[in-house]
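The structure under discussion appears below in the form of structure tokens.
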Amino acid sequence: MNVHPSFLRLSASVLAVQAALSLLSVVHAAEDPALAELTRPKSHVELGVAASNSDSTKAHEFDGVNRQGGQAVGGLDVIGGGAYDSEDATRWRLKASDLGLKSSSMSAEYGEQGRFRLKMGYDTLLRNRSDSFQTPYQGVGGNVLGLPANWVVPLVPRVNAATPNARGLSPDVTSSNAIVAGASTAPTPAQLSTAAALQAADLPAFNQVRLSTQRAQLSLGGDVQLDSRWSASVSGSHEHKTGLKPLSALTRITGGDISTTLPQPVDQNHDQYRVGVQYLGDGSTLQAAYDASMFSNNVSSVAWTVWADPTKTQSMSTAPSNQFHKLSLAGSYELSKSTKVVGDVAYGRATQNAAFLNDGLTGVPLLPTTSLEGLVVTESANLKLLSKPSKDVRLSGAYKLDVRDNRTAVNTYGFYDVGELPAATASVFGAQYGSNINLNANRPYSRKLQQLSLDADYRLQPGQQLQAGVDAQTTDKYCASTWIDCADAAKSREQTLRAEWRWSESEALQGRVGMAKSKRTVTYNENAFLALVPMAAVSPTGAPGGATAYDTLVALGLTGYGPVSGLNPAAAAGSAQAFFFPLNNALPSAYYANSGNRISELIGMRHFNNANRDRNKLRTSAQWQASETITFQGGLDYNADSYGESVYGLKQASSWALNLDGTYSPSDRVSVSLFYSREDQRSRSAGNSYTANSAVANVGGATAISGGCYADIATRNANNKIDPCLNWSADMRDKIDTVGLSVARTGLWGGSLDVRGSLILSQLRSDTGFSGGNYVNNPYAGSVAAGAVDPTIAAYYIPAAALPTVSTDSVALRLGGAYKLDTARSVRMAYGYQRLKTSDWAYEAMQPGGLTQVLPTGEGAPTYTVHSLAVAYVSAF
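Be aware that the sequence shown starts at 23, since it is given in my numbering, and climbs by one per residue.
Here you go:
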């Protein structure tokens, strides 16, 4: 199948080369061009100018352009050394591309054929992330970010004159009416004045910050032929990355969740090394290698002033420095002329020992160690036997072992959520802690995967081939030293049957059809979450008879969800059930010391990667050479996953993709291609938005409910946990249509001019529909104010509605040409046009007035129109 790029790369050298690919080789009149290229390869030097009318980060995400306007670009490919027919076996080469851009590459090689080779490379990559990000924080580029001295805490005065509210940054919000004391109330002049003053102070502080990262990598390496059988190689690279990227940060330092997106500074080093030795014998091979990877983060944490209380500062750690070392051995051996065995083994160690961030900004009353002292040992082995007992039959069998053994010690850590102060009431696990303490243990996840595969390939007749295979995979997941099993699915098994039929009626018509069916079964543990909270095995203050949460779960056969019941039947007074599951509700997080974070799951909830699953796959393709000038290609792929035993979570996922391609080439100088592709992805998931059972019987004195499954507040609240109207499902669908046309004509103007062009149109639509709904209290419930709406209605049941369609439309036009001035010189030209239009409702929440507890960034959905032009002069010698 032909590959068609979706977006235009605005590098002059790349555009020029792509636009005139057929002119890379300059032919000699008296010999075959391919032979000349092999025996006397030419060197090239390229110098040009590229210009773009836009510096859009989305349009130039990876192409190295970081500003609009023109800039010089260049490239070279210089080859030297002894001639192919001489006794001099040395060869050298210098290559460079996209010079002048922020994403460029250079390399050098020198060697002697059959003896040694030395290599050096240097490349850069600019990742443009956002050009619409805004922040009021000062000190951008450093890891301590502060607010201006005149920063005023955002509020919506007519709602609450004291509670921080980021929506107060929007004049539209602060000037609109709000329901206060059961009546629609306009803001007072004083409230409008307060809002205007804070907006005048805060909004000018928001400055646009370009988010991007720049990577630079230097690599060195070489290999040497020790003798006719043995060789050795060594390589290494150093990568340095700098820039800014978004960091979502949360704090509870003001008593509630307060969030902001910070411009996090990036300053990282990544060093990689490899040493290897290879042996090539008669019917056998052997390779041994040592690999090392060392990552260091020079920005270990970020601190920022809290926008909801500028007198407070919060901090957050970033990715920790770490190392990985691996030894590997691979080889093959021919048992006979028709049978061969290949295999490899590897042993690795990953370590992470960065110091914990404990700067006093977050309360950490229990810190048993100053760093994780993390250690993960990896072991792998692969063995494969291949045999060809006859000319029509091929057989193979393979075994795979992959072990990730996390040997990190398990410790219990005591902390308060991101800056939250200890509560005045004591924890049920000790007066030294507030009731909002988290006493959590780390969970060192480990995994052992084993897979056995058998394959057969049989030639039915000339042009007909059948392949079949079976895979049996077993995965064990566990944590060493946790007080209880930590894995949701400690053991999973998956069996896969595969078959493929390939046919070739002639050289003009070929195709294939492949199918695979697999079934995964797991042993699911709904109480695996308890591994995080060891206090579930400790009796809290007040528990009857010294009972623990875990003992009670086991004795009653329950999960953390508790009884599947409303208020009634009530548990016996004074019983462990009544204590740990008050009003038949879920296990309170305070009884396993996890602050306000209840982590138990819905009964029937399954994580899709740990759930029983049936999977079906279909792969098809065909190619038809209709004539000497016309070729058609096509393919259809289909995937379907079903999670039939999952009550909640992902239940279904399917996708199909169609590709059609036609090429018309009336001569070797003219080519026209047209292609179309359609991708369709769908999924369905389910959930339940239940709340706790309660005995509350009214809202503001009103009792009636409009809609839903219950007529009044008392009955609904008594059955909150089992209200069927709180079940919901979501249906997601993504559709992508792409159509493209490419045209190429070479040999114009007496063979001096080659031209190419392409046009690609793409359309994406994403839709999410919902069923179910939820209740909302009537803000006028019980009101006697004039204009109150339905004051006798306590709550309404609101059916769920579909989200707005997310759409992306793009156009990419590329035109290019190359004109030969003579046999050694040419001029290349390219023009590119890109247009992208995106409509995405999610960006609305990033604007002022979007969310109450999240500081806006002002980022918008990517939309751009970009024109680019490149001209380059190429000299060959």
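Glycine residues also receive a C-beta, built at the ideal position from the N, C-alpha and C atoms.
Query                                                                                                                                                               : Result
Go to N460, then tell me how far its beta strand (DSSP E) extends in each direction, as first and last residue.                                                     : 460-463
Need the endpoints of the beta strand (DSSP E) that S764 sits in, please.                                                                                           : 749-769
Can you tell me which of V777, S129, N638 puts its alpha carbon nearest to the alpha carbon of A840?                                                                : V777
So, is D145 buried or exposed, given that buried needs 16 or more other C-beta atoms within 10 angstroms?                                                           : buried
Going by DSSP in three states, S611 sits in which element: helix, strand or coil?                                                                                   : helix
Identify every residue that forms a DSSP beta bridge with A330.                                                                                                     : DSSP output for A330 lists no bridge partner at all.
Buried or exposed for Q156, going by 16 or more other Cβ atoms inside 10 Å?                                                                                         : buried
On the premise that T196 lies in contact with P209, defined as a C-beta separation below 8 Å, what is that separation, rounded to the nearest angstrom?             : 7 Å
With distances taken Cα to Cα, identify the nearest neighbour of A852 among A105, S74, C508, A530.                                                                  : S74
Can you tell me the Cβ-Cβ gap for S468 and R426, rounded? I've got them flagged as a contact below 8 Å.                                                             : 6 Å
Just the Cα atoms here: how many angstroms apart are G370 and S315?                                                                                                 : 11 Å
With a threshold of 8 Å, are at least 3 pairs of Cβ atoms found where one atom belongs to the stretch 252-268 and the other to the stretch 216-224?                 : no
State the start and end residues of the unbroken alpha helix (DSSP H) segment that holds A314.                                                                      : Note, A314: premise wrong, no alpha helix (DSSP H); beta strand (DSSP E) at 306-319.
Just list the residues that DSSP pairs D659 with in beta bridges.                                                                                                   : R641, A679
For A52, collect the residues of the same chain with a Cβ closer than 6 Å to its Cβ; drop the 5 residues on either side in sequence, then sort them by chain order. : Here the model assigns A52 a pLDDT of 40, short of 50, so the residue's position is not dependable, and the following value carries that caveat. Closer than 6 Å at the Cβ level, and outside the excluded window around A52, lies no residue.
By the DSSP assignment, the beta strand (DSSP E) with Y853 in it spans what residues?                                                                               : 847-861
Sort F792, S127, I621 by Cα distance to A550 and report the nearest one.                                                                                            : I621
Pairs of beta-carbons, one from the stretch 672-689 and one from the stretch 645-664, closer than 8 Å: are there three or more?                                     : yes
Nearest to A223 by alpha carbon, out of W173, A238, V231, S270?                                                                                                     : W173
Using the three-state DSSP reduction, which class does S339 fall into: helix, strand or coil?                                                                       : strand
Is S127 helix, strand or coil by DSSP?                                                                                                                              : strand
Rounded to whole angstroms, what's the CA-CA distance from S343 to S318? Just pull it up for me.                                                                    : 4 Å
Which one or two residues does DSSP pair with F792 in a beta bridge?                                                                                                : A752
So the candidates are L389, K406, D313; which of them puts its Cα closest to the Cα of E356?                                                                        : K406
Can you round the beta-carbon distance between S751 and S693 to whole angstroms, since I take them to be within the 8 Å contact cut?                                : About 49 Å; that fails the 8 Å criterion.
Closest by CA to T384, which one among T335, G880, N428?                                                                                                            : T335
Looking only at its chain, what residues have a beta carbon closer than 7 Å to the beta carbon of D279, apart from the 5 residues adjacent to it on each side?      : L272, Q875
Going by the DSSP bridge assignment, what does R787 pair with across the sheet?                                                                                     : K757, S829
Given 8 Å as the limit, is there contact between the stretch 469-480 and the stretch 407-423, that is, 3 or more CB pairs closer than that?                         : yes
Let me make sure I understand the geometry here. Which of V364, D99, L605 has the alpha-carbon closest to that of W114?                                             : D99
To which residues of the same chain is S561 closer than 7 Å at the C-beta, ignoring the five residues directly before and after it?                                 : G568, A569, T570
From the DSSP output, in three-state form, read off L45 for me.                                                                                                     : Because the pLDDT at L45 is just 30, under 50, the model does not fix this residue reliably, and the value given afterwards should be weighed accordingly. L45: helix per DSSP, three-state reduction.
How far does the beta strand (DSSP E) with S234 in it extend, from its first residue to its last?                                                                   : 233-247
Distance check for L379 and A330, CA to CA, integer angstroms please.                                                                                               : 23 Å
Under three-state DSSP, which class holds V364?                                                                                                                     : strand
Which runs of the beta strand (DSSP E), 3 residues or longer, sit entirely within the stretch 171-201?                                                              : none
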